[in-house]
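S.K.: Before I ask anything, here is the structure I am working with.
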Amino acid sequence: MPAHLSSPVPSALAAALPSAAGLSSSPRYMQVAGALQAAIERGEYPAGSALPAERELAARLGVSRVTVRQATLKLAERGLVVRRHGSGTFVAASGPERIQHPLSRLTSFTEDMHSRGLSAGGQVLSFGAGHPNPQEAMQLGLSPGQRVYRVRRLRTAGGEALAVEESILSAERLGLLSAADVQDVSLYALMQQRGAAPVRALRQLRAVNADQELAELLGVPLGAALLSTERVAWDAAGRAVELARASYRGDRYDFVMELRE
1 MPAHLSSPVP
11 SALAAALPSA
21 AGLSSSPRYM
31 QVAGALQAAI
41 ERGEYPAGSA
51 LPAERELAAR
61 LGVSRVTVRQ
71 ATLKLAERGL
81 VVRRHGSGTF
91 VAASGPERIQ
101 HPLSRLTSFT
111 EDMHSRGLSA
121 GGQVLSFGAG
131 HPNPQEAMQL
141 GLSPGQRVYR
151 VRRLRTAGGE
161 ALAVEESILS
171 AERLGLLSAA
181 DVQDVSLYAL
191 MQQRGAAPVR
201 ALRQLRAVNA
211 DQELAELLGV
221 PLGAALLSTE
231 RVAWDAAGRA
241 VELARASYRG
251 DRYDFVMELR
261 E
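The sequence shown runs 1 to 261 under this note's numbering.
Pasting the structure below:
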């Protein structure tokens, strides 16, 4: 079977679900999650294989697609499956790998993923140009009349969604940019090509919970723990060249630092 096709639904899976008139009082999505987990543990869906599409599972099991989605989100929360934006849901190989990002080095998301042998993606969610708000103008050292680019992207590694990033960049310092210029590329590499390479940054971190949009983009349950960051980066001349905000999956990302006496 080609890799992009989902696996068939085993008849045993449908049989494992209690009927609507059954005695089980647990929510229907929990029943679906339990049946799927049992099928995975029996080896009916091997590690790395795709689960059937939501539509197919819903039809075979006699439940709604919303119920199937809730069930797969529950499995993702347990670390049994990985939801890849635009590709489907896959059985985790051996539990989710946590990515450690050192705070002592200024590196891009793309560099981090490549150092782990993973392909990095940057799907453009929105792109536009306009004027900075007062807070952004102050942080970037711009006048209110200058223009900035706003780039919002879904960052992926090996096809799996890990973060949503928004970058505010000085249009004057970077020149002309289009959405195509920032699709699936390293912004830091692009900035270096245009003479605005960041060499120093200040980053703030806080814990937040995923709202509906972030939960859907990152393939995590509503309210899941995320790591939210805000970063201002400066070039070698001391000019602020980037203001970036990002939300990282708390179940996959750790920020680490070395402390010395």
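Where a beta carbon is used, it is the ideal one built from N, C-alpha and C, also for glycine.
Since we're looking at a predicted model, the values are computed, not measured.
Measuring only the C-alpha atoms, how far is PRO144 from ARG116?
M.R.: In the sequence shown, counting from the first residue as 1, residue 144 sits at position 144. In the sequence shown, counting from the first residue as 1, residue 116 sits at position 116. Going from the Cα of PRO144 to the Cα of ARG116 covers about 41 Å.
S.K.: How big is the Cα-Cα spacing for ALA38 and VAL151?
M.R.: Here the question's residue 38 lines up with position 38 in the sequence shown. Here the question's residue 151 lines up with position 151 in the sequence shown. If I take the Cα positions, the gap works out to 42 Å.
S.K.: Checking the sheet assignment: what are the DSSP bridge partners for GLN204?
M.R.: Position 204 of the sequence shown, counted from the first residue, corresponds to residue 204. Per DSSP, GLU230.
S.K.: Could you tell me which of MET138, TYR253, ARG147 sits nearest to GLY130, measuring between CA atoms?
M.R.: On the sequence shown, residue 130 is found 130 positions in, with the first residue counted as 1. Checked all of MET138, TYR253, ARG147; the closest Cα to GLY130 is ARG147.
S.K.: Rank VAL185, ALA120, ARG239 by C-alpha distance to the C-alpha of SER170 and give the top, closest one.
M.R.: Walking along the sequence shown from the start, residue 170 turns up at place 170. Of the listed residues, the one whose Cα sits closest to SER170 is ARG239.
S.K.: Express the C-alpha separation of ALA244 and ALA120 in angstroms, rounding to a whole number.
M.R.: In the sequence shown, the residue the question calls residue 120 occupies position 120. In the sequence shown, the residue the question calls residue 244 occupies position 244. If I take the Cα positions, the gap works out to 18 Å.
S.K.: Taking DSSP as the reference, what is the three-state secondary structure of SER115?
M.R.: What you label residue 115 is simply residue 115 of the sequence shown in a count that begins at 1. It is helical.
S.K.: Mapping the DSSP letters down to three states, classify PRO134 as helix, strand or coil.
M.R.: Along the sequence shown, one-based indexing puts residue 134 at 134. Reduced to three states, the DSSP call for PRO134 is helix.
S.K.: Within its chain, find whatever has a CB closer than 7 Å to the CB of HIS114; leave out the 5 residues flanking it on each side and keep chain order.
M.R.: Stepping through the sequence shown from its first residue, residue 114 is reached at position 114. Once the five neighbours on either side are set aside, the close Cβ partners of HIS114 are ALA120.
S.K.: Which residues in the same chain as LEU202 place their Cβ atom closer than 6 Å to its Cβ, once the five residues preceding and following it in sequence are excluded?
M.R.: Position 202 of the sequence shown, counted from the start, is the residue given in the question as residue 202. The residues are VAL232.
S.K.: Would LEU118 and ALA179 be called neighbours here (beta carbons separated by less than 8 Å)?
M.R.: The residue you call residue 118 lines up with position 118 of the sequence shown. The residue you call residue 179 lines up with position 179 of the sequence shown. No; because the gap between Cβ atoms is not below 8 Å, this pair is not in contact.
S.K.: Could you give the first and the last residue of the continuous alpha helix (DSSP H) run that contains TYR29?
M.R.: Residue 29 sits at position 29 when you count from the first residue of the sequence shown. That run of the alpha helix (DSSP H) goes 28-41.
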